[in-house]
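Residue numbers for the sequence shown follow the numbering used here, beginning at 6 and rising by one. Below is one structure, written out as structure tokens; the observations come after it.
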Amino acid sequence: MKQPRFQMQCRQMFQLAMVFTTLFFTNNNLWGQTQNDTLLIRETVLNYLEGLEYNDSVRVEKAMHPDLAKRVIREDKSGNDKLSNMTAATLLHYAKTYDYTKLYKAGVDPQEPLKVEVLLFDISNNIATVKAIQNKFAFFDYIHLGKLNGEWKIINILWAWTER
6 MKQPRFQMQC RQMFQLAMVF TTLFFTNNNL WGQTQNDTLL IRETVLNYLE
56 GLEYNDSVRV EKAMHPDLAK RVIREDKSGN DKLSNMTAAT LLHYAKTYDY
106 TKLYKAGVDP QEPLKVEVLL FDISNNIATV KAIQNKFAFF DYIHLGKLNG
156 EWKIINILWA WTER
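So, in structure tokens, the structure goes:
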């Protein structure tokens, strides 16, 4: 009678070990990510996008690293794809001076509040990758962030147009 109980306990231990192994290999960033990091990453992305929406260059500057590179793939006059780059200084200038309502999706009510969805793809060590989607602008962003001296900063943005 003790034999089946022992086998059942071994089977349960094996199943438990498989669950932990699966968790470790499929999502090994669980141990490097804290809830606080997730909230701070979201806050950083909101500072960037809400800063553009409200022409708040202080928030945009707080969100970005001084060596930020913002890139988009565009078609040139010859019809060839090319990579267009924007520096942190240029983005900061636009945050102060550009009318971002010109980048709204068709039919968007300018009085509607900006709603941002931050999809966190990965946090590993001191880097994170997110996709930012929002309800007003006719673009979305893939964003790489780095945690430098305890603060999350946007280092790279690769963006693309959605509908216009």
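Yeah, the Cβ is synthetic: ideal placement off N, Cα and C, and Gly gets one too.
- Less than 8 Å separates the beta-carbon of phenylalanine 142 from that of tyrosine 109.
- For threonine 106, same chain residues with a beta-carbon under 6 Å away, outside a window of 5 residues either side, are Pro115 in chain order.
- In the structure shown, leucine 54 falls within a helical segment according to DSSP collapsed to helix, strand and coil.
- A contact between stretches requires three or more CB pairs, one per stretch, nearer than 8 Å, and the region 117-136 meets this requirement with the region 35-54.
- Residues Met69, Pro71, Leu73 of the same chain have their beta carbon placed closer than 6 Å to that of alanine 93, with the five preceding and five following residues left out of the count.
- Counting the other CB atoms within 10 Å of its CB gives lysine 87 a total below 16, which places it among the exposed residues.
- Boundaries of the alpha helix (DSSP H) harbouring threonine 102: 93-102, taken from the DSSP string.
- Here DSSP, grouped into helix, strand and coil, assigns glutamine 116 to coil.
- Contact check for histidine 149 against isoleucine 138 fails: the beta carbons are separated by 8 Å or more.
- Classified as buried, leucine 96 has 16 or more neighbouring CB atoms from the shown chains inside 10 Å of its CB.
- Here leucine 125 is bridged, per DSSP, to Val135.
- Looking at Ala111, Trp157, Trp166, the one whose alpha-carbon comes closest to that of leucine 44 is Trp157.
- According to DSSP, tyrosine 109 shares a beta bridge with Phe142.
- The three-state reading of DSSP puts asparagine 41 in helix, counting H, G and I together.
- Inter-residue distance for tryptophan 164 and tyrosine 99 is about 16 Å (C-alpha atoms, whole angstroms).
- Ranked by Cα distance from lysine 101, the options Asn140, Glu66, Gly155 are led by Glu66.
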